[in-house]
Amino acid sequence: MLTKRKRKYCLRSIFNAILWICRTGCQWRNLSVAFPYWQIVYYYFNKWKKNGFFEKALQKLVRKERMRQGRNYVPSVAAIDSQSIKKSAFVNIETGIDGGKHINGRKRHLAVDSLGLPIAISISAADVHDSIGAFDLLWKIDKFSHRMKLILADKAYRGEFSEIVENWYSWKMEISQKPPSAKGFIPQTGRWQVERSFAWLNFFRRLDKDHERLPESSVAFIQVAFINILLK
181 MLTKRKRKYC LRSIFNAILW ICRTGCQWRN LSVAFPYWQI VYYYFNKWKK
231 NGFFEKALQK LVRKERMRQG RNYVPSVAAI DSQSIKKSAF VNIETGIDGG
281 KHINGRKRHL AVDSLGLPIA ISISAADVHD SIGAFDLLWK IDKFSHRMKL
331 ILADKAYRGE FSEIVENWYS WKMEISQKPP SAKGFIPQTG RWQVERSFAW
381 LNFFRRLDKD HERLPESSVA FIQVAFINIL LK
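The opening position of the sequence shown corresponds to residue 181 in the working numbering, with each subsequent residue numbered one higher.
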């Protein structure tokens with residue numbers, strides 16, 4: 181009679197190892213001996229990345245946190261923005277140069293709710309315009325929240341992107357723009373949350389650059405970082 185093979189490694193320990201890599205920026209092969217073998221941890225990272233475990237776990241935590249703060253479990257307002265990030269030397273898939281910021285790497289596109297909690301994440305080459313890269317956010321936002329009514333963004337998202345948001349998804353698009361006389365960083369009502377969310381990622385050394393060969397792995401580590409924040 182066949183019996184089910186007992187799992188050798190604790191999944192909690194494996195998940196903690198992934199959180200540790202994200203926080204410290206450690207290379208896979210240099211994973212601490214306090215955790216299971218790095219090959220095992222890497223196997224589960226890829227498995228959970230591909231089967232959507234990280235995405236589902238993050239969505240569940242976001243909804244739980246919203247309800248804890250007395251909000252509806254899904255938002256009706258989202259703020260979107262992008263962040264160009266340098267790449268490691270060996271990363272050569274889906275990369276480019278952001279001419280405006282002189283950054284050779286990739287661009288992170290993020291949509292957050294009014295609490296700064298992530299509801300959609302995508303990655304593009306750094307030379308992709310903000311509005312083009314953000315198209316991938318729209319269907320993810322729509323999938324996450326049936327209550328969505330308003331998208332907050334800056335002037336980079338005017339034009340075709342705004343038209344698609346309003347005509348295809350029937351959401352209102354609100355473009356904020358700081359006064360011409362203003363200098364430096366000016367917090368904009370309704371949009372500072374997304375800037376703060378990007379700032380939260382600075383606490384994770386794995387995300388100081390884009391160290392991932394595949395864009396999908398970059399998205400996964402951003403999801404892991406936000407999971408870590410919400411588990412605190």
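All C-beta atoms in this analysis are idealised placements derived from N, C-alpha and C, irrespective of residue type, glycine included. Predicted model only: the values in this text are computed from it and were never measured.
Beta carbon of residue i nearer than 9 angstroms to that of residue j
| i | j | result |
| --- | --- | --- |
| PHE270 | ALA400 | no |
| GLU340 | SER304 | no |
| ILE407 | ALA237 | yes |
| SER422 | ASP310 | Residue 422 lies beyond the stretch modelled for the chain, which goes from 181 to 412, so this question has no answer here. |
| ILE265 | ILE277 | no |
| GLN403 | GLY296 | no |
| ILE301 | ARG286 | no |
| SER377 | VAL254 | no |
| VAL242 | LEU330 | no |
| GLN239 | ILE299 | yes |
For residue i, three-class secondary structure by DSSP
| i | result |
| --- | --- |
| ASP388 | coil |
| ARG209 | helix |
| PHE365 | Low confidence applies to PHE365: its pLDDT is 49, below 50, so where it sits in the model is not reliable, and the reading given next is rough at best. PHE365: coil per DSSP, three-state reduction. |
| LYS236 | helix |
| LEU332 | strand |
| LYS320 | helix |
| SER356 | strand |
| ASN196 | helix |
| LEU394 | coil |
| CYS202 | helix |
| TYR222 | helix |
Buried versus exposed, by CB contacts within 10 Å (16 or more), residue i
| i | result |
| --- | --- |
| MET247 | exposed |
| VAL213 | exposed |
| PHE383 | exposed |
| TYR337 | buried |
| PHE365 | For PHE365, the predicted structure reports a pLDDT of 49, less than 50, and the residue's modelled location is therefore unreliable. A value from the coordinates is still provided. Classification for PHE365: exposed. |
| TRP351 | buried |
| LEU191 | exposed |
| LEU211 | buried |
| LEU411 | exposed |
| ILE312 | exposed |
8 angstroms contact criterion, which residue i and residue j should meet: CB distance rounded
| i | j | result |
| --- | --- | --- |
| GLY205 | ARG393 | About 16 angstroms separates the two Cβ atoms, so there is no contact after all. |
| LEU318 | ALA259 | LEU318 to ALA259, Cβ: 14 angstroms. No contact. |
| ILE355 | LYS335 | 6 angstroms |
| Enumerated in chain order, which unbroken segments of the beta strand (DSSP E) with a length of 3 residues or greater are wholly contained in the stretch 250-313? | 257-266, 276-278, 283-292, 298-305
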